[in-house]
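*Asks:* Supplied in structure tokens, the structure appears directly below.
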Amino acid sequence: MFSTFSPPENLADQDALYTAPTGPVWELEAGAILEADNALDSTQAYLVRRLPNARSMLTVGPILEQVTRFDHPRLWGPSYWTRGEEGLWVATPKPRGVLLDESDFARPSWSEALELWRPLAEAVTRLHRRGLVHGQLVPWALWMDEASGKLTAIEAGCWIGEDFSPVGDSQNVWLAAEMRGPLDERDPSPATDIYGLARLLVRLALPAEQAAMPRPNFTGIPAFAIPALEAALADEPAKRPARVAELLAAMAPKSFHEAPSVEISHENTVSDTMSVLHARVSGIERLEHPKFGQGIKFYLNMYADKSLGDEQLGAFFYEKQAPEVFDSVKWVWDGCELNLLDARVITNSAGERFLTSQDKTLPVLEPHMPMSVSDVLKAEGCPSRFLVDQRDRGGSSRPLVFGNLVHGLLDDLVEPDPPGFEDAFEDRVRELRLDMLAAGLRDTDLPRLRKDARQHFDNIRRFTAPRTNDSPETDRVGWSGRNVEVTRYSTRYGIEGRVDLVAEDAREGLQIVELKSGKSWDGHMSQVRFYKFLWDGLAEERGLTITGHLLYSKQGRMQAAPMEDTERERRILRARNELIACLRSFVDPDYEYDVPFFMQHPRACRSNSCNFRRDRCQAQTAILGLSDEASPWDAITREPWLGSDPELVARAWTWHEHFSRLIEMERWAATAELGKVLHSGRLHERKENYAAVDNMRRVRVGSESGYVVFSGEHGQIFSPGDYLIAHRGDFHTSHILRGRVVAVDGDQITIASRGAGIANELPEDGWILDDLPARLGFRQAHHALYRTLAKGSPDKIEVLFRPDGERAKELMKAVDNGYTLGEAAASLNPSQKAAVRQALWAPGGALIQGPPGTGKTTVIAHAVRELVARGKRVLVSAFTNTAVDTILTKLLDVGCDDFVRVGHSTRSPDLTRRLEASGRHPLDYFTADYAAQTASLDLLAEDLLGKSVIASTAHRCAKSAEMEFLQRELGDTPFDVAIVDEAGQITEPMTLASVSLGERFVLVGDHRQLPPIVENEQTHTNFLDDRGRVELEEMGCAGLDRSLFERLIEKLPYVMLDEQYRMHADIMEFSNGAFYDEKLRAHESVAGHMLSVDPGALESGALAKTTGELLAPAHPLVFADVAHEGQSPHNQARHNKLEAEAVVDTVAALLESSDEPASIGVVSPFRAQVYWIRQLLADRLGKRAGGVDVDTVERFQGSERDSILVSLVKTERAGDFLADERRLNVTLTRARKKLIVFGSRACLELNPLYRRLIEQPQTHVVTWKG
């Protein structure tokens, strides 16, 4: 990049555009500083300056190179740099507008300032997700475009060479404390940018002189925002909000204040109550009172209507006054969100009001972080119960299976036309056969199961039968009303849960019914009381009375649950709040909370609640070294580490602690994303990010089929398979519907939902559809980590925790045992044969790198076939269902059908069709379908055990009845070999879910393609804060964004497949040189294959000249330079209508001219562009557009098409799409015969990687003239 940039020799003699505190900045046109190029806009203005402290290019180069590849509409770094005699010169595209401090815009209101600031904060979040920091969000790097009302930050990454010594005191406050020292002492992190963002928001909201104070006077800023801003401006990075997302959430306004029940007096003592919702905590003080014991005092900062009172209230609580309340609020931290319900109001002699506890006071920490009811009840008394079950939930059992069976019978009995017992029993048993095997049940257990189920069925039916005039009141609760959707969220109490049954009736109110198939327990009352929290807002809004009932189906007894029980409410909310504190301790290592271990608190450990997990807790404490006295040297003297190497034990403990923390950090971020959906004040933000649409209308309901159809604009942002939540903006007082997108057709979206039965009775208009954040895999990840240590073989432990040792290297090398591969392998190329040999004969396992199109699926299929021929049992797993099905399809091709797929055939349509086409019965090859048609548990068990190959996604390996059954029957490692495909895309913990099930393992993937997707930027490798732990570095451990495959391939032997069978040689060439060191070659069967088109069709139509060039078979790789006349040269949007129209025109031409069935894919880095293209295709081509797949690159990995069209969108800079070269690699390697890349040449050639793509001889460049 720097090789083309050369500042004028006499630049220092020219007038600077402005002089920043760090030195002069000149404005020069591109033609004056860059080598001439026809594609280059020579009039593009650049800001040129010198970084005097940029020393070694070995230090500076990598940082600037990474930052250069990042781009966002509101944030970028330099595009060019070069070494000069006096330091490093950089050139940055000039934004529109003027420097922030030179603009004369009127100081905005708080809400206006927030809207101006928020897009830049989101841009910084994206930067952090790429593992980068800006480092200096300072006035001389911030530009204001008053015409468009946009703020832009430039010079990202330039901190590496800045000299901040000339910065005066008035400007020094803009620099975070960790950036004010010498260059070699600077330590920028996301916290540095959080400081800069907070300082910027203060600057926008306050007068300049007030904002420039080291500790600003926040007068004029809403009180609810002050605690987070104060924390963000702290000198110590650890005291600032952990993520930009936390700062954004703290700034988002909402109705924070409930009106007091009566007017509050201001006399000496006032005895009224107030509820404060969604306030922010600040100014925490720990107290000690001679009479009341320990105490805590803090301030609650609210977004309040002035008519309701103060924006800030004090609060204090003492342990001996209200122990349950104190034990809840003592876990607060500065910036924590807090609901304080029914607090007592006290006014002191100075007229200051304070809140404290009274009989009904309930505190809720972080109410936008919903905790499940079951997890909270589990954690009551000790949060370690929750953690113990995460690591090892214990095996399935008859009571658990029977409970599921009885709950299914309840669902049947509340149907409008309920079935009889025999039909209901057979249907439910059919669904539960695999769970029965996992619990150890066999045919001899079925008669007793049937007898017991009939008893429960009859008892339930007595309560669910229609009410008659002579029905005793004690026999029924009045389920004459409709049954309603039963999954709800509450941001008042910070919980979520699913009730067994809720009946709503105008006469009999809202009735919560919880079914219990076993003995009664006091926790059942807590559960029903918890569910009341979820429904009280809706009941109050509709004027309904809530009643709660426990139905004990074994005894045939209905027990009313008291709905007013403050003591119980406090107890369960205390458990919830402590669980929040426990999880917070993983996210923030400086947060003071000690997670209990076995017998740390003997009284709690001996309680009845621990009966079923006490042994597991003891084992986990020993295996993981959780106690304060744990030492690797002591551990090796007793089980389970008896005789182990202390170094390995120490590494294993460090590894487990490291990844446990990362998993919980990821969980926290994912739950916070759900909180964003639940926050009514953040709808605008979600819409801008193409995660939500509003003003939707319910147009059709299929009550029996379970479908709801919504209509409205912008629904094309969603895709089939997405999970949505339909709501009306208020989760507290209205119904919600959750479901999965089944179809998107024009302006209509069809979702499958359990709530379809009541949808017809809900309002038609005013619906919001929100993308439901995925919160999957956290328990499975913890389980996989623990299994690896508890059940891992010595060889596996050696490879995982000492990959740098000679023993590990020997274990990962194939042993020459004289065996030869079977005849079917004769067609494999040399690298494929080497990979198969490695998979077969390496004592520990194998690592196989499979670049695009090199036949890694073929290698897996042949390896499996060879292993089966040698009598081995094999687990085949992958990240996606598509990859698993592709492997099994290939396995059929090589003549092996001794497999079974975990799941239903309906979820694997391509594999199902392939099985049918080969004359096989698909239902015999899917566990759920085969179980449904096999009445005998004994026969089902025998057949599953007889299968040589079990195939599953990695997530199902961690949690499925099939895997539990195999472990019960065959031991902890039921497979001889576990093969994991797409291993470069899976986080290390989830990879181990599969690896831990095999004696040996084979990882197949490509770390040059998409990495694991993580939500929390703190879990990124670049931002890890593990206190410099040497053990992690020696093992190569990093963030969740680095897969186990990548970690091991850097230290251990591996095989790379080097011949590809997908792409034309011209399409392959770019990725081959850019990512694979010229090691790939195209097989002769594909090296010259070309698209077959009708020449006559290309010569007709208004776009014949352009589309003819684009689609010409002689040019497999085409770059279409889309002219952007009339668009702003500073267009930095994430959608580009001109490119979308060009793509749609080209797709239409492809469909008209191709002699082959349509095999077309359209890829864009941005969801916004995907939406535009889908919409235009639907408008232009109607149903013909259904055969064209349009999606982001993440959804295309593993797929291929004859023709791929890529829309890159950007017109000024290449875009943050390039921040990860792996995404580009995937994008450019999906096409077989034709790859057309649409973009702005002038923009893209600013980036060396794209410049290489455009200028290579294999790329045919066309100027699009639509």
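First residue of the sequence shown: 2, per my numbering; consecutive thereafter.
Cβ atoms here follow ideal geometry from the backbone N, Cα and C, with glycine treated the same way.
#1: How many whole angstroms separate the CB atoms of Leu-356 and Val-346, which I take to be in contact at a CB cut-off of 8 Å?
#2: Determine the contact status of Lys-891 and Thr-859, defining contact as a CB-CB distance below 8 Å.
#3: Tell me whether the beta-carbon of Ala-673 lies closer than 8 Å to the beta-carbon of Ala-157.
#4: Would you say Ala-1039 and Met-991 are within 8 Å of each other, going by their C-beta atoms?
#5: Using only CA atoms, which one of Asp-501, Gly-1188, Arg-281 and Asp-723 lies nearest to Ser-375?
#6: List the whole-angstrom C-beta distance separating Lys-533 from Met-559, where the pair is believed to meet the contact cut-off of C-beta under 8 Å.
#7: Give me the Cα-Cα distance between Val-49 and Pro-597, rounded to the nearest whole angstrom.
#8: Taking the straight line between their C-alpha atoms, what separation do you get for Asp-164 and Val-91?
#9: Could you give the DSSP three-state label for Leu-278: helix, strand or coil?
#10: Of all the alpha helix (DSSP H) runs that stay within the bounds of the region 56 to 136, which reach a length of 4 or more residues?
#11: For Val-1194 versus Val-1163, is the C-beta spacing smaller than 8 Å?
#12: Within 10 angstroms of its Cβ, does Asn-460 collect 16 or more other Cβ (buried), or is it exposed?
#13: What are the start and end residues of the beta strand (DSSP E) that includes Asp-695?
#14: Starting from Trp-27, follow its DSSP beta bridges and name the residues at the other end.
#15: So what's Ala-13 in DSSP terms, helix, strand or just coil?
#16: Quick check on DSSP: helix, strand or coil for Glu-163?
#17: Out of Leu-1229, Ala-142 and Ser-949, point me to the one whose CA is closest to Leu-971's CA.
#18: For Arg-1082, which residues does DSSP report across the bridge?
#19: Mind checking whether Arg-1043 and Thr-1022 have CB atoms under 8 Å apart?
#20: In chain order, what residues of the same chain lie with their CB nearer than 6 Å to the CB of Arg-431, ignoring the 5 residues before and after it?
#21: Go through its chain and collect everything with a Cβ distance to Asn-39's Cβ below 8 Å, but skip five positions before and after it.
#22: Keeping to the same chain, check which residues put their C-beta closer than 6 Å to that of Gly-310; ignore five residues upstream and five downstream.
#23: Return the chain-ordered list of same chain residues with a C-beta closer than 6 Å to the C-beta of Gln-137, the five sequence neighbours on each side being excluded.
#24: Can you check the region 700 to 766 for any beta strand (DSSP E) of at least 3 residues that lies completely inside it and give the ranges in chain order?
#25: Give the secondary structure of Lys-298 by DSSP, where H, G and I count as helix, E and B as strand, and everything else as coil.
#26: Whole angstroms is fine: what's the gap from Gly-730's alpha carbon to Ser-720's?
#27: Tell me, to the nearest whole angstrom, how far the beta carbon of His-369 is from that of Gly-676; I am working on the premise that it is less than 8 Å.
#28: Hey, quick one: how far does the alpha helix (DSSP H) through Asn-609 stretch, first residue to last?
#29: Going by other Cβ atoms of all chains shown within 10 Å of its Cβ, with 16 needed for buried, is Phe-613 buried or exposed?
#30: Return the CA-CA distance between Ile-573 and Ala-744, expressed in angstroms with no decimal places.
#31: Mind checking who Leu-342 pairs with in its DSSP beta bridge?
#32: Have a look at Leu-89 and Ala-13 and give me their C-alpha separation to the nearest angstrom.
#33: Do Arg-1233 and Arg-1082 have their CB atoms nearer than 8 Å?
#34: Using the Cα positions of Leu-539 and Asp-771, report the straight-line distance between them to the nearest angstrom.
#35: Considering only C-alpha positions, which residue in the set Tyr-553, Glu-123, Ala-782 and Thr-548 is nearest to His-657?
#36: Under a Cβ-count criterion, where at least 16 other Cβ atoms within 10 Å of its own Cβ denotes burial, should Asn-882 be classed as buried or exposed?
*Replies:* With the given structure in hand:
#1: 6 Å
#2: yes
#3: no
#4: no
#5: Asp-501
#6: With a Cβ gap of about 17 Å, Lys-533 and Met-559 do not count as contacting.
#7: 57 Å
#8: 14 Å
#9: strand
#10: 58 to 69 and 111 to 130
#11: no
#12: buried
#13: 693 to 703
#14: Val-49
#15: helix
#16: coil
#17: Ser-949
#18: Glu-1060
#19: yes
#20: Ala-933
#21: Per-residue confidence for Asn-39 stands at a pLDDT of 44, beneath the threshold of 50, marking its modelled position as unreliable; the derived number appears in the next sentence. Same-chain partners within the cutoff: there are none.
#22: Bear in mind that the predicted position of Gly-310 carries a pLDDT of just 49, short of 50, making it unreliable; the figure below should be weighed with that in mind. Excluding residues within five positions, none has a Cβ falling inside 6 Å.
#23: Trp-160
#24: 708 to 712, 724 to 728, 738 to 746 and 749 to 754
#25: strand
#26: 22 Å
#27: 3 Å
#28: No alpha helix (DSSP H) contains Asn-609, which DSSP labels as neither H nor E.
#29: exposed
#30: 41 Å
#31: Leu-363
#32: 14 Å
#33: no
#34: 20 Å
#35: Ala-782
#36: buried
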